[in-house]
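Scroll down for the structure; my scribbles are underneath it.
Protein chains in written order, with the working numbering: chain A, 111 to 393; chain B, 36 to 414.
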């Protein structure tokens, strides 16, 4: 695809500004993530008309509506399933799923691992802010141990999920993580992910200042995102099994980038072979 | 529809798959479940032959989500399941009802609740098919009672869902699903093509849920430049969420009002010998087949008995039912549950007419003799 000069990126070309003011809390990292995503979309020269944003429920699910494209705000945990039907029938569209840690790892966890396995062409951007923000700050599968939430009033005692480990193990062809503070790096990561042929998974470490930050005395938004950056290690992932997960020792960057057969193309070949009468048993 | 003139032996579930493909269905997502798996199996074999897509998803919820994604992309889409799966599909079925996404959901009824009796027939989902998902919502439910009718009603299901933007559920019991009957199928080319109303207006004038004469708004095809927003939240006409009471009420009333506005198109029923009947039998699926036999036998004995069979189960064909039961003293409702269809009949009968149920919940179909016995008791 032709590359446009970075200077020409104007986020307003991609937003439904008539919906403003937006509903995000002051200091929320989701807006930065959305900016990085649209920046990547711009650099890849994807037209608004060919862009399909599919989102689930929660704060992450709501931000898709602000994108001036084909936007589908689906049900809780299910955006990957809707995106599967859309991407299978409409390979001409660029399908991008926006989801959150609760949406993607709790209620939608099964769909994530199967989307990784199936390897259909789409990008899943998971915004991890360690909390269910929309419903008032309950613990999620990524809430760090000892953190306070409204459902872990004495500090969370559950182990956390490492979303990228999960995606790698389930076979995703492209997996990466970045923090919102590193917006250009996040943009580059998302750009690589969108350009990847097959299923790509990007975890964005976002911050919920208003609810999670306040509850845990993590300071204001700049403090939160600076501390997030400090706890990340921007090097390549290496062997995920060697490094047991701990949220304060998370790594950023691209962890996996491998070529696997893209499922949409595999299916289109399957159609051809069936029609040519080359199918196997059972026909 | 013009017939091929060729007879073939076809199973109910296979007829469903063949009807769907004949209607133009080109996307099927499913998950294995008895006694509906043959629909998915047939689709996996036949769809690639017509450039269609079959996908086996990770669960029932995912297959319902996938057909909605495919439908929003422009494909005619279907899924098939049975009781436990039907329960799981209710979440996204509600999304289809709210966002007005065309889709066909087949539910082959087995014994319940829960895992129940996977291989035994039941008609226990009559009320779930109407009220399974939360909130006030429009849904159309078709209840075929023969292999040929499964084929025809599956085509009609697509016609209804695509033209009205209301999800259509097809329900039939395991007996009908696994029944093999000799049928004469129509020539596929003779089936009137089904076309969804796509937006063609100038982009700035487009309202995803605008008012139209037929109460069915045109749908934006992704890629056509309308850049529409689709959501399960309650929206105003522009497709974006609102909680403005006036906007909320009008959009919900329009969605529900489609059923009444298009009642003549949606409604379908069979009425046999009801004009002078003292007793009218009301049943669906295999129970209607048994009732039909009992009705014939009763007439042979000189008893004034008729049969009213709702093919469109929901919305219930109220006017036709009332006219078919004008002379009836008794309405007998054989059904394979403890009394679901009879709740609707009870609601509709007036005066001295009485509704009497014949219920069977042991995993066996109702015998015509049991119905005839009840008729004789009442005569």
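Even glycine gets a Cβ: it sits at the ideal position worked out from N, Cα and C. Note that this is a predicted model, so its numbers are computed, not measured.
Cα-Cα separation between residue i and residue j, rounded to whole angstroms
{"i": "residue 394 (chain A)", "j": "residue 280 (chain A)", "result": "Not covered by the structure: residue 394 (chain A). The range shown for chain A is 111 to 393."}
{"i": "residue 164 (chain B)", "j": "residue 152 (chain B)", "result": "19 Å"}
{"i": "residue 284 (chain A)", "j": "residue 206 (chain A)", "result": "14 Å"}
{"i": "residue 129 (chain B)", "j": "residue 269 (chain B)", "result": "12 Å"}
{"i": "residue 358 (chain A)", "j": "residue 219 (chain A)", "result": "At residue 358 (chain A) the pLDDT is 47, less than 50, meaning the model places this residue with poor confidence and gives no usable figure here."}
{"i": "residue 311 (chain A)", "j": "residue 342 (chain B)", "result": "58 Å"}
{"i": "residue 234 (chain A)", "j": "residue 308 (chain A)", "result": "11 Å"}
{"i": "residue 159 (chain B)", "j": "residue 267 (chain B)", "result": "28 Å"}
{"i": "residue 321 (chain A)", "j": "residue 295 (chain B)", "result": "46 Å"}
{"i": "residue 71 (chain B)", "j": "residue 116 (chain B)", "result": "6 Å"}
{"i": "residue 278 (chain B)", "j": "residue 302 (chain B)", "result": "33 Å"}
{"i": "residue 169 (chain B)", "j": "residue 392 (chain B)", "result": "28 Å"}
{"i": "residue 355 (chain A)", "j": "residue 244 (chain B)", "result": "Confidence in residue 355 (chain A) is poor, its pLDDT being 47 and thus under 50, which makes the residue's placement unreliable; the coordinate value appears in the next sentence. Roughly 47 Å separates the two Cα atoms."}
{"i": "residue 225 (chain B)", "j": "residue 382 (chain A)", "result": "26 Å"}
{"i": "residue 317 (chain A)", "j": "residue 73 (chain B)", "result": "48 Å"}
{"i": "residue 380 (chain A)", "j": "residue 274 (chain B)", "result": "37 Å"}
Residue i and residue j closer than 8 Å at C-beta
{"i": "residue 256 (chain B)", "j": "residue 229 (chain B)", "result": "no"}
{"i": "residue 155 (chain B)", "j": "residue 111 (chain B)", "result": "no"}
{"i": "residue 339 (chain B)", "j": "residue 312 (chain B)", "result": "yes"}
{"i": "residue 152 (chain A)", "j": "residue 119 (chain A)", "result": "yes"}
{"i": "residue 376 (chain B)", "j": "residue 368 (chain B)", "result": "yes"}
{"i": "residue 321 (chain B)", "j": "residue 180 (chain B)", "result": "yes"}
{"i": "residue 137 (chain A)", "j": "residue 319 (chain A)", "result": "yes"}
{"i": "residue 167 (chain B)", "j": "residue 157 (chain B)", "result": "no"}
{"i": "residue 253 (chain B)", "j": "residue 202 (chain B)", "result": "no"}
{"i": "residue 64 (chain B)", "j": "residue 90 (chain B)", "result": "yes"}
{"i": "residue 261 (chain A)", "j": "residue 104 (chain B)", "result": "no"}
{"i": "residue 293 (chain B)", "j": "residue 199 (chain B)", "result": "yes"}
{"i": "residue 55 (chain B)", "j": "residue 189 (chain B)", "result": "yes"}
Per-residue burial, residue i [other beta carbons within 10 Å of its own, 16 or more giving buried]
{"i": "residue 385 (chain A)", "result": "exposed"}
{"i": "residue 233 (chain B)", "result": "exposed"}
{"i": "residue 281 (chain B)", "result": "exposed"}
{"i": "residue 130 (chain A)", "result": "exposed"}
{"i": "residue 41 (chain B)", "result": "exposed"}
{"i": "residue 389 (chain B)", "result": "exposed"}
{"i": "residue 86 (chain B)", "result": "exposed"}
{"i": "residue 180 (chain A)", "result": "buried"}
{"i": "residue 218 (chain B)", "result": "buried"}
{"i": "residue 114 (chain B)", "result": "buried"}
Where residue i falls: helix, strand or coil (DSSP)
{"i": "residue 390 (chain B)", "result": "strand"}
{"i": "residue 262 (chain A)", "result": "strand"}
{"i": "residue 351 (chain A)", "result": "Residue placement at residue 351 (chain A) is flagged as unreliable, the pLDDT there being 41, under the threshold of 50; a coordinate-derived value is accordingly withheld."}
{"i": "residue 300 (chain B)", "result": "helix"}
{"i": "residue 208 (chain B)", "result": "strand"}
{"i": "residue 150 (chain A)", "result": "helix"}
{"i": "residue 292 (chain A)", "result": "coil"}
{"i": "residue 189 (chain A)", "result": "helix"}
{"i": "residue 358 (chain A)", "result": "Reliability of the predicted coordinates at residue 358 (chain A) is poor, the pLDDT of 47 falling under 50, and the value obtained from them is presented with this limitation in mind. Reduced to three states, the DSSP call for residue 358 (chain A) is helix."}
{"i": "residue 346 (chain A)", "result": "Since pLDDT at residue 346 (chain A) reaches only 49, below the 50 mark, its modelled position is unreliable, and the value read off the structure follows with that caveat. The answer is coil: DSSP assigns residue 346 (chain A) none of H, G, I, E or B."}
{"i": "residue 204 (chain A)", "result": "strand"}
{"i": "residue 210 (chain A)", "result": "strand"}
Proximal residues to residue i (C-beta, below 6 Å), its chain only, five neighbours per side dropped
{"i": "residue 100 (chain B)", "result": "127"}
{"i": "residue 149 (chain A)", "result": "119 and 297"}
{"i": "residue 106 (chain B)", "result": "112, 136, 137 and 138"}
{"i": "residue 47 (chain B)", "result": "182, 185, 211, 212 and 214"}
{"i": "residue 283 (chain B)", "result": "269"}
{"i": "residue 332 (chain B)", "result": "407"}
{"i": "residue 225 (chain A)", "result": "190 and 309"}
Close Cβ partners of residue i (< 7 Å) along its chain, the five nearest in sequence each way excluded
{"i": "residue 416 (chain B)", "result": "Look at the range of chain B in this structure, 36 to 414, and you will see that residue 416 (chain B) is not part of it."}
{"i": "residue 178 (chain B)", "result": "206, 207, 319, 320, 345, 346 and 348"}
{"i": "residue 186 (chain A)", "result": "166, 167, 213 and 217"}
{"i": "residue 88 (chain B)", "result": "61, 62 and 82"}
{"i": "residue 289 (chain A)", "result": "315, 335, 338, 339, 342 and 362"}
{"i": "residue 395 (chain B)", "result": "371 and 401"}
{"i": "residue 325 (chain A)", "result": "247, 258 and 259"}
{"i": "residue 188 (chain A)", "result": "166, 218 and 221"}
{"i": "residue 256 (chain A)", "result": "265 and 266"}
{"i": "residue 260 (chain B)", "result": "238"}
{"i": "residue 380 (chain B)", "result": "317, 366, 368 and 390"}
Own chain residues within Cβ distance below 8 Å of residue i, not counting five before or after
{"i": "residue 215 (chain A)", "result": "222, 236, 250, 251, 252, 271, 273 and 276"}
{"i": "residue 374 (chain A)", "result": "197, 198, 201, 230 and 231"}
{"i": "residue 174 (chain A)", "result": "163, 164, 165, 181, 182, 183 and 208"}
{"i": "residue 352 (chain A)", "result": "Any answer about residue 352 (chain A) is weak, because its pLDDT of 42 lies below 50 and its placement is not dependable; what the coordinates show is given next. Nothing listed; no residue qualifies."}
{"i": "residue 441 (chain B)", "result": "No statement about residue 441 (chain B) is possible, as the shown extent of chain B runs from 36 to 414 and does not include it."}
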